Amino acid sequence: MSETKSIHVVIHGRVQGVFYRKWTQERARHHSIAGWVRNRDDGAVEGVFSGAAEAVDALVDECRDGPPAARVEGIDVTAAEPVPGQHFEVTD
Numbered sequence: 008m009s010e011t012k013s014i015h016v017v018i019h020g021r022v023q024g025v026f027y028r029k030w031t032q033e034r035a036r037h038h039s040i041a042g043w044v045r046n047r048d049d050g051a052v053e054g055v056f057s058g059a060a061e062a063v064d065a066l067v068d069e070c071r072d073g074p075p076a077a078r079v080e081g082i083d084v085t086a087a088e089p090v091p092g093q094h095f096e097v098t099d
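Everything in the sequence shown is counted per the numbering used here, starting at 8 for the first residue and increasing by one.
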């Protein structure tokens, strides 16, 4: 059985208005990761990713680049409580 991992991420840079949340949702679903993603008032995007450790790590690596119009300047990662269920949602 693979190890599971849950993290909270805050992505800084030009990440709003560039379809970053929708792109993250698509990539999370590709990796079978549960969680959510949303815009923050400070211009960052934040989310929680829960799933197989390898898949979560892969998604974080992909988030360092993001969709083509994004310009990621940094990602803060901290441990988080697991997200119940298997859905990944874009929230407000």
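By construction, the Cβ of each residue, glycine as well, lies at the ideal position given by its N, Cα and C atoms.
Please read all numbers here as calculations on a predicted model, not as lab measurements.
In angstroms, rounded to a whole number, what distance separates the CA positions of threonine 31 and aspartate 48?
The residue you call residue 31 lines up with position 24 of the sequence shown. The residue you call residue 48 lines up with position 41 of the sequence shown. Rounded to whole angstroms, threonine 31 and aspartate 48 show a C-alpha spacing of 18 Å.
Presumed contact (8 Å Cβ cut-off) between valine 52 and glutamine 23, rounded CB distance
Here the question's residue 52 lines up with position 45 in the sequence shown. Here the question's residue 23 lines up with position 16 in the sequence shown. Right, their Cβ atoms sit about 7 Å apart.
Please state if the CB of alanine 87 and the CB of histidine 15 are separated by a distance shorter than 8 Å.
Here residue 15 is taken as the residue at index 8 of the sequence shown, counted from 1. Here residue 87 is taken as the residue at index 80 of the sequence shown, counted from 1. Yes, Cβ-Cβ distance for histidine 15 and alanine 87 is below 8 Å.
Which of helix, strand or coil DSSP assigns to alanine 41:
Along the sequence shown, one-based indexing puts residue 41 at 34. Strand at alanine 41.
Identity of the residues DSSP links to threonine 11 by a beta bridge:
Sequence index remark: in the sequence shown, residue 11 carries index 4 (1-based). Ala59, per the DSSP bridge assignment.
Flag this pair as touching only if the segment 54-69 and the segment 25-39 have three or more C-beta atom pairs under 8 Å; answer yes or no.
With the cut-off at 8 Å, the segment 54-69 and the segment 25-39 touch.
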